[in-house]
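The next block holds one structure in the form of structure tokens; read it before the comments.
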Amino acid sequence: MGAYCNENLSLPTACNLSPSHDLRLSKHVHDNVHGNIYLDPLSLKFIDTEQFQRLRELKQLGMTHMVYPGAVHSRFEHSLGVYWLAGEAIHKLKTYQGLELGIDRFDVQTVKIAGLLHDVGHGPFSHLFEREFLPQVLNGFKWAHEQMSAKLIDHIVDVHHIDVEAEMIKRVKELILASSEFALPKVSAYFYDPFFRHILITGNFFSLVLGKCIDVVVSCLYYYYCYYFVLMLKSAKEKQFLYDIVANGRNGIDVDKFDYIYRDSRACGLGCSFDFQRLMETMRVLGDEICYRAKDYLSIHKLFATRADLYRTVYTHSKVKAVELMVVDALLKANSYLEISSSIQDPSEYWKLDDTIIKTIETAPDEELRESRDLIRRIRRRNLYQFCNEFAVPKDKLEHFKNVTAQDIACSQKNGGVLLKEEDIAVSNVRIDLTRGRQNPLESINFFKDYESEEKFPIPDGRISHLLPTSYQDMIVRVYSKKPELIAAVSEAFENFQLKTYGVKAQVHATPEKKKRRL
0 MGAYCNENLS
10 LPTACNLSPS
20 HDLRLSKHVH
30 DNVHGNIYLD
40 PLSLKFIDTE
50 QFQRLRELKQ
60 LGMTHMVYPG
70 AVHSRFEHSL
80 GVYWLAGEAI
90 HKLKTYQGLE
100 LGIDRFDVQT
110 VKIAGLLHDV
120 GHGPFSHLFE
130 REFLPQVLNG
140 FKWAHEQMSA
150 KLIDHIVDVH
160 HIDVEAEMIK
170 RVKELILASS
180 EFALPKVSAY
190 FYDPFFRHIL
200 ITGNFFSLVL
210 GKCIDVVVSC
220 LYYYYCYYFV
230 LMLKSAKEKQ
240 FLYDIVANGR
250 NGIDVDKFDY
260 IYRDSRACGL
270 GCSFDFQRLM
280 ETMRVLGDEI
290 CYRAKDYLSI
300 HKLFATRADL
310 YRTVYTHSKV
320 KAVELMVVDA
330 LLKANSYLEI
340 SSSIQDPSEY
350 WKLDDTIIKT
360 IETAPDEELR
370 ESRDLIRRIR
380 RRNLYQFCNE
390 FAVPKDKLEH
400 FKNVTAQDIA
410 CSQKNGGVLL
420 KEEDIAVSNV
430 RIDLTRGRQN
440 PLESINFFKD
450 YESEEKFPIP
460 DGRISHLLPT
470 SYQDMIVRVY
480 SKKPELIAAV
490 SEAFENFQLK
500 TYGVKAQVHA
510 TPEKKKRRL
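Sequential numbering of the sequence shown, starting at 0, is according to numbering that gives the first Met the number 0.
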């Protein structure tokens, strides 16, 4: 990340409130990133609930504070920040294009509530809970915090009798799910299917199949399209550009990233040269999607590059991952006794789960929690899993890469010496990208030349600069020894694995001898 942080960045206040609204009558909080955040009455009804206040007990960066002591900010303040930026974004669009786009009070309120509640269903310890803990206890069942956010929103409305339009809540949930794999497909996608378009135009399915064999497969296909036609028409989204603001599934540029990139950088004492206010001031809706000026191409690239840099230097720091691996093991060992994963489908129980589960494990006298308790105390005493080494997967191997496991390393040990067991080793497969895997995220973004032009267009990165990256994803394999006395044996087995897999040692340097001799 850059060494320069624009601390004097001008952040307009109160811009998402109508001129007639008296700010003296609004409740406000002072945020260390955005300044005064003014809270509207409906938002306050959601904020002043135990389900939303739970976010105070969820650290935004999980266990990162064990390495970056300042990273103790919570999902609560991040959610307020996204609420504010979502309101600022929709207000700017309303100011500049409101009549053209038909933006009304309903749209403004909906986008703000979606920003406020987008993380209300988040699990403990940042993304560790859903990406590393749950996959090991759910046997392949997929779960995402966005889904739980949607369930919790319904639960909050029902339990606290919040007077809000049903259509608004439905739209809020759609906005939150927009970037997840559980988002409903857009109806517009079906109009590009020649088969489906023919049915729509002719209104006669049989005209398509006359003269052809009508068999079971074709019949099934017919019912498939009819079902989805009805389903998609019911859920067809108006004003698609609204779905680009909070959780942008189209190209990844959204106010959620604006807030956490700036907030996390500041909390960790790092510089941040990305100026999100510039993008919010100059963005424009063309063809029902938010587009950006062509001259801001490099600024947008800096957004994705800064995020990737945060992943590399902060979120997946080798010591942070060591702590996280220990927390995952502690949760797995405690799960059957505490039934940690049993509440993930029930919002009335799920909201009670937060980061304090660690303190529960650490202080409970129960013998069933002894192994988990010992791991938490090891973390407290800085007796962590020991980082042995890492290597970056070669670019030509990325496409068919399969996660390396502890078993892979244990099976690569040569005969003789200490016999390694799978439970002695921890492996972290760290994927770092620009939000679109191996694809360039800027290829999904449309730009415009100037405000007089109505044309939108993509920009190939080769037309901007030849200094931009040609690869958009890193996969780093890190190996840890759970016992200090096994560092040498684990390091050797890891090197053998690399030789067996790639024919060379892909790591940059050998594990230091001093570390190998540590007892």
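The beta-carbon is built from N, C-alpha and C at its ideal position, and this holds for glycine as well.
How many angstroms separate the CA atom of residue i from the CA atom of residue j?
| i | j | result |
| --- | --- | --- |
| phenylalanine 75 | arginine 53 | 8 Å |
| aspartate 328 | histidine 27 | 41 Å |
| alanine 509 | lysine 111 | 51 Å |
| isoleucine 244 | histidine 160 | 28 Å |
| glycine 268 | arginine 306 | 15 Å |
| serine 452 | lysine 294 | 14 Å |
| threonine 355 | tyrosine 82 | 25 Å |
| proline 134 | lysine 141 | 8 Å |
| leucine 309 | aspartate 407 | 29 Å |
| tyrosine 501 | valine 284 | 48 Å |
| valine 171 | arginine 516 | 56 Å |
| alanine 266 | valine 254 | 18 Å |
| leucine 115 | valine 326 | 28 Å |
| lysine 481 | serine 25 | 53 Å |
| arginine 379 | threonine 63 | 14 Å |
| arginine 381 | phenylalanine 124 | 18 Å |
| lysine 320 | aspartate 449 | 45 Å |
| serine 272 | serine 371 | 41 Å |
| isoleucine 152 | serine 178 | 18 Å |
| phenylalanine 303 | methionine 167 | 31 Å |
| lysine 238 | lysine 150 | 24 Å |
| arginine 377 | asparagine 31 | 34 Å |
| valine 426 | valine 403 | 7 Å |
| phenylalanine 105 | glutamate 56 | 31 Å |
| lysine 91 | leucine 241 | 12 Å |
| valine 107 | histidine 121 | 24 Å |
Using three-state DSSP, classify residue i as helix, strand or coil.
| i | result |
| --- | --- |
| asparagine 439 | coil |
| serine 528 | With the chain covering only 0 through 518, there is no way to say anything about residue 528. |
| glutamate 288 | strand |
| proline 306 | A small correction: the amino acid at residue 306 is arginine; proline does not occupy that position in the sequence shown. Arginine 306: helix per DSSP, three-state reduction. |
| phenylalanine 273 | coil |
| arginine 283 | strand |
| phenylalanine 132 | helix |
| phenylalanine 124 | coil |
| phenylalanine 400 | coil |
| glutamate 87 | helix |
| proline 40 | helix |
| alanine 165 | helix |
| serine 342 | helix |
| valine 528 | Absent from the structure is residue 528, since the part of the chain shown begins at 0 and ends at 518. |
| valine 107 | helix |
| threonine 312 | helix |
| glutamine 239 | helix |
| glutamate 451 | coil |
| alanine 505 | coil |
| valine 81 | helix |
Would you mind working out which of the options sits nearest residue i, comparing C-alpha positions?
| i | options | result |
| --- | --- | --- |
| tyrosine 336 | Glu366, Ile424 and Leu433 | Glu366 |
| glutamate 288 | Phe386, Ile431, Gln96 and Asn402 | Gln96 |
| alanine 505 | Pro483, Ile475 and Thr109 | Ile475 |
| alanine 492 | Val478, Asp153, Val429 and Ser443 | Val478 |
| threonine 109 | Phe45, Arg462 and Gly139 | Phe45 |
| tyrosine 296 | Ser443, Glu164 and Thr312 | Ser443 |
| leucine 84 | Ser42, Leu466, His33 and Phe51 | His33 |
| proline 483 | His300, Ala363 and Phe386 | Phe386 |
| threonine 312 | Leu60, Gln146 and Glu164 | Leu60 |
| lysine 499 | Asn445, Ser411 and Leu79 | Ser411 |
Could you please give me the residues that DSSP links to residue i through a beta bridge?
| i | result |
| --- | --- |
| histidine 519 | Only positions 0 to 518 of the chain appear in this structure, which leaves residue 519 out of reach. |
| asparagine 388 | Val478 |
| glutamine 472 | Asp432 |
| serine 73 | Lys58 |
| asparagine 446 | Per the sequence shown, the amino acid found at residue 446 is phenylalanine instead of asparagine. Phenylalanine 446 pairs with Tyr291 and Phe456. |
For residue i, report the span of its alpha helix (DSSP H) as first-last.
| i | result |
| --- | --- |
| threonine 362 | 356 to 362 |
| serine 317 | 317 to 337 |
| alanine 149 | 144 to 159 |
| tyrosine 349 | 346 to 349 |
| asparagine 495 | 486 to 501 |
| glutamate 180 | Unbroken run through glutamate 180: none, as it is neither H nor E. |
| serine 411 | Segment: none, serine 411 is in no alpha helix (DSSP H) and carries neither H nor E. |
| leucine 374 | 369 to 379 |
| serine 464 | No alpha helix (DSSP H) holds serine 464; DSSP gives it neither H nor E. |
| phenylalanine 51 | 49 to 52 |
| valine 254 | 254 to 266 |
| glutamate 512 | 512 to 515 |
Just checking: is the beta-carbon of residue i within a distance shorter than 8 Å of some beta-carbon in chain C?
| i | result |
| --- | --- |
| tyrosine 291 | The question asks about chain C, but that chain is absent: this structure has only one protein chain. |
Measuring from the CB of residue i, is there a heavy atom of the ligand GDP at a distance below 7 Å?
| i | result |
| --- | --- |
| isoleucine 357 | Ligands in the displayed structure: none, and consequently the ligand GDP is not present. |
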